[in-house]
Amino acid sequence: MVSTHPVKVQPSGNQYLSPSQDSTNISPNQQLLPLTARVNRDDFLEIGGCDVTKLVQQFGSPLYILDETTLRTACQQYRDTFKKYYKGESQVLYASKAWNCLAVCAIVASEGLGIDVVSGGELYTALEAGVSPEKIYLHGNNKSRDELTLAIESGCTIVVDNWYELHTLVELATKDSAIRIMLRLTPGIECHTHEYIRTGHLDSKFGFDPNDLEEVFAFVSKQPALNCVGVHAHIGSQIFERQPHRDLAAVMVQWLRDAAKYNLELTELNVGGGLGIKYTESDDPPSIEEWSKAICEVVQEACAAENLPLPKLLCEPGRSLIATACVTAYTIGSAKTIPDIRTYVTIDGGMSDNPRPITYQSVYRTVVANKMSAPLTETVTVAGKHCESGDILIKNASLPKTEPGDVLVVMATGAYNYSMASNYNRLPRPAAVLVANGEANLILQRETYQDIIRQDCLPERLK
């Protein structure tokens, strides 16, 4: 456990810090650093009341630092704004593929959120964290029979993605009780986001084709083993636009209307997630409240137009709940200057703990935790340590003059960093700590070399 004594925060002029000490009215997804980020009297970065440099000294680096206040604030804003703007019942689900571990699942569940899982491993973790199966929804376009069996036995809701899965569930069903399902449909809505993270357009591996809608409803209506409670759609990720979600709500309410023709009483409507966050200064996503308000209004308007009762409204934010709540701290090592071309500054991690830059060409911002007010005199390329020329974390980063041993902090790494981490080059995956009120608690242990070879098998003839 690490504690830091209260200090009087000195004005740093750092553009990345939250403009106010009162986090209640700040939407976390619109910030670059966690809500509790401060600069202490030593000009060092603090998060959750903990000095980042001291965290690195105790827990090593790379190190994921998760701010509990920021995560809880995002959960509360989603939960409370849906209650505020939606006249019917609502349930916010955390899209845990962003970062699924026991501590994160336990925190979001304690704030009243449910969990969206996409594999047997994520489902098992949520259950072990104490999440009620009634608030767990299992997604996936190719769920195995074992995963479906675990979901059936646990009593969670299965979001059915395709015909193969429908038929498999009918085979797995018992006479004891009907399997609770939702149907995932592809709405055919395009968003201006990266090709790999657009999931709502027609050319997608996810969901039933809308042209099969009536056939799907007809089949499900004849299956007593299946209790179909609603429909689901998801149009993508890192979305700043409001119109696609407005269009989605109108389309989905029409699906509810069409289901009634087959005596299917669908009572739940899941609009997915996808709200973007601020990764750079120029990013301008809607706030959590703005997004939630828009969703609630369009669903209510569409239901009124179709003369339908309000369904239970669900949404599945992931990135916008947790990304800004976490930073990754690295230790700077070697540097290389190529005259008139660029300077490389190398850190002790890279693509194995954050594969998003090399996978999605994602852009991040960074600061030096032990030089928060130092003038930004250098433009450098932050390179990882992996044997891969594409292992570049940030290009053209503006930094103060750096030295080996400085602590580099990369912002907004709570989503799809640990969850996509690997052992490339047999690097152990980093540790993660949860910080709050000047205390730090380990939530993920740093892997060891022994952990890396634990699953290796050496045939006797090679010994």
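According to the working numbering, the sequence shown is numbered sequentially starting from 1174. Just so you know, even glycine gets a beta-carbon here, dropped at the ideal spot from N, CA and C. Here the structure is a predicted model, which is why all the values come from computation and not from measurement.
Beta-bridge pairing by DSSP links residue 1509 to 1517. In this structure residue 1217 does not touch residue 1610 by the C-beta definition: roughly 18 Å separates them, more than the 8 Å allowed. Where residue 1440 is concerned, there is no enclosing alpha helix (DSSP H), because DSSP gives it neither an H nor an E. The DSSP assignment places 1580-1583 and 1604-1609 as complete runs of the beta strand (DSSP E) inside the stretch 1574-1612, in order along the chain (cut-off: 3 residues). In the three-state reduction of the DSSP assignment, residue 1357 falls in the strand class.
By the Cβ neighbour-count rule, residue 1549 is exposed, with fewer than 16 other Cβ atoms within 10 Å of its own.
Here residue 1500 carries a strand assignment [DSSP, helix/strand/coil]. With respect to residue 1580, residue 1226 sits close: the two C-beta atoms are nearer than 8 Å. Per DSSP, the unbroken alpha helix (DSSP H) holding residue 1225 starts and ends at 1225-1232. Residue pairing for residue 1381: DSSP places it in a beta bridge opposite 1358. Taking residue 1203 as the centre and dropping the five residues before and after it, the same chain places the C-beta of 1451, 1458 and 1460 closer than 7 Å to its C-beta, in chain order.
DSSP places residue 1267 within a strand segment (E or B) once states are collapsed to three. Segment contact: the stretch 1583-1600 against the stretch 1235-1242, three or more CB-CB distances shorter than 8 Å; contact assigned.
The DSSP-derived three-state label of residue 1452 is coil.
For residue 1614, the pairing in a beta bridge is given by DSSP as 1607.
Looking from the CA of residue 1603, the closest CA among 1614, 1355, 1620 and 1597 belongs to 1620. Residue 1483 sits close to residue 1476, with the two beta carbons spaced by under 8 Å. Boundaries of the alpha helix (DSSP H) harbouring residue 1493: 1492-1495, taken from the DSSP string. Residue pairing from DSSP places residue 1570 in a beta bridge opposite 1553. Here the alpha carbon of residue 1449 sits roughly 18 Å from the alpha carbon of residue 1532. With contacts defined as CB atoms closer than 8 Å, residue 1525 and residue 1594 qualify as a contacting pair. Residue pairing of residue 1332 in beta bridges, as defined by DSSP: 1355. Boundaries of the beta strand (DSSP E) around residue 1539: 1539-1541.
With distances taken between CA atoms, residue 1224 lies nearest to 1582 out of 1399, 1582 and 1198. In this structure, residue 1274 and residue 1299 do not form a Cβ contact; the two beta carbons are roughly 10 Å apart against a cut-off of 8 Å. Going by beta carbons, residue 1220 and residue 1608 fall inside the 8 Å limit.
Listed in chain order, the non-local C-beta contacts of residue 1343 below 8 Å within the same chain comprise 1396, 1398 and 1399, local neighbours out to five positions each way being set aside.
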